[in-house]
Every structure is written in structure tokens, then in C-alpha cells.
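Numbering (our numbering), first residue to last: 556 to 862.
See below:
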């Protein structure tokens, strides 16, 4: 949250130069406060696990947030009881007339499938277009980030020869961007995907900036300059054991997966996991909620710009 100080205080200029958010009395008096409305389009097979991961990160803020869990279609997920879906999830048709301060679209295990062959691709594209008219700021995670880059800009992903799995070091490229506020110059984050988009393809898109990147894992965070669209190619929401569960699942399926990089102590699956992305994940979502949502969203959601 911002600190509120008099506009005339000399410290205000210094704080601004250091990229610290301070609000003067005039701006504070003009603010209207209400709960934020955030939707989560959950495309992951294990809905309950993903819900917990994301809601844990969204709760790490003093802001009051109303959450809508959204499903892409009526297909019964394999790893989530139908009773849970019926009790807690809304179909897109049920929420398409609503407007949201923020929307999070999760990843999905669809990395090897052509976008147009995804069974719900038509609904997905409709929803992505809807989000630009009805949501102040949207985060696309992992597969959804690549799908959105393809749909909005025609940017094709490249399939890797082997799955990228592990925890990788990243560099902040724009420390002045509010989404990166408080990050260390270098930080760790998990990835689990087979697709990749070269950095040069992001840089060709007008109004899109790459904010964090890894020598080994490529572009991690990119966002539009108007803060409306945020692309995250990894999984800041992952629990400590999520990559291990994926690795064990792939072993049992006979896929001969590589050991996740920089994840187990000594790169030995018999050893403990090195958890070193939790603070960055919390900070990322807190910054998004504050600077990309709360500080930019209109008090009346009907005033969201129609892009």
C-alpha cells in the first residue's frame, strides 16, 4: 500500500526518484475504496490444488478481494469432484456480463497440442477478447501466456526438444516497472513447459515490455505498458512439491523425464527440495494487485476502457 504524505514534503521527490510509491493528500482524498473483484479461470486438472496456490498469494495483501472461480466449459475434470465444480465454479456464460478488476488465467497441460486443436479454443479466444473489454488487468500463466501471445499478436511458440522443468535464476530488466518493485536484481522461479517464445518475438510487439528474463529459461515476465495484460511463462504459484509430483508422474508414465533443474539438493531426487521462489511469488502478486489493479481500476467497473 502507498504511504500518504504532504505534497510539499521534500522527501516526496526523493521517494519518487527511488521508485517508492508515495501518495499526497490531494490524491488520497479523491480515492474511493471498494473491494476488488478478481476472477480465476482455472484450466489446471487438479482444480483444488491450483485454487489453494493462487488464493494463498492473493491473500497476502490488506486489500479486500471478491473471488469468482471460472471454468472454461462443462467437461468434468479428471482430478476434481463434480460436486466441487458445481458448488464453487461459474461457467463463462454465467460471468460474461460482469466486469472484473483483475483476472488470472492459469496454465494447462496442453503444450504439445496445436492451439486450434484444443477442444475449447473457440471459447478461449472469445474469453480473451472479452477480457480486454471487461477486465482492468489480466495475468496469463504458462500455457495461457503463450496462447494469449498467439491470439493477440500472432506470435508462434517453439516446441523444445525436452521439457523445461526446474527452478531458474532470472534477472530483472526494468527495476522501475511497478510490477518489479522490491525484487532483488536476480531471483529464482519455477518453470514447467515444453513451449518457448524467443525474446526477440516479444520485443517486436508494440507496447509490450519484457520485465524479467533467464539465460536458461528465457522470458519470464512481460507486460503491456498500459498494465492491462501480463504474461508469466512460469509458475510463481507452485507449492514446494509440485515439480516433484510432476516428475514422479512422468516417471510412472514411462516418459523418462529429466530431473528438474536446480530443484533438489545436489540435483538428487532422493534429497529435499530447495524452496527459493516463495517470496518472489508473493511479491509479484502483491505488486500486481496494488499497482496494476488497485491503483488503475476505475471505481465504477463500467468505466473500464474498451480495448
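Glycine included, C-beta positions come from ideal geometry on N, C-alpha and C.
When DSSP labels each residue in this structure, what does residue i get in the three-state scheme?
i	result
residue 718	strand
residue 635	coil
residue 746	strand
residue 845	helix
residue 623	strand
residue 608	helix
residue 861	coil
residue 850	coil
I need the straight-line Cα distance from residue i to residue j, nearest angstrom please.
i	j	result
residue 784	residue 831	26 Å
residue 629	residue 730	42 Å
residue 780	residue 741	22 Å
residue 811	residue 856	49 Å
residue 645	residue 822	41 Å
residue 660	residue 825	33 Å
residue 613	residue 839	10 Å
residue 818	residue 745	9 Å
residue 715	residue 607	30 Å
residue 703	residue 672	15 Å
residue 763	residue 705	14 Å
residue 829	residue 637	35 Å
Whose CA, out of the options, lies closest to the CA of residue i?
i	options	result
residue 743	769, 847, 812	769
residue 723	589, 791, 661, 602	791
residue 728	773, 848, 647	773
residue 756	821, 649, 707, 847	707
residue 698	685, 692, 690, 679	679
residue 738	842, 632, 637	842
residue 765	725, 620, 793, 721	725
residue 775	850, 637, 658, 835	835
residue 647	590, 594, 833	594
Going by DSSP, what residue range makes up the alpha helix (DSSP H) through residue i?
i	result
residue 703	698-708
residue 686	676-689
residue 800	797-807
residue 757	754-758
Are the CB atoms of residue i and residue j nearer to each other than 8 Å?
i	j	result
residue 635	residue 602	yes
residue 752	residue 710	yes
residue 686	residue 847	no
Can you give me the start and stop residues for the beta strand (DSSP E) that residue i sits inside?
i	result
residue 668	Neither: residue 668 is in no beta strand (DSSP E) and is coded neither H nor E.
residue 593	591-596
residue 655	655-660
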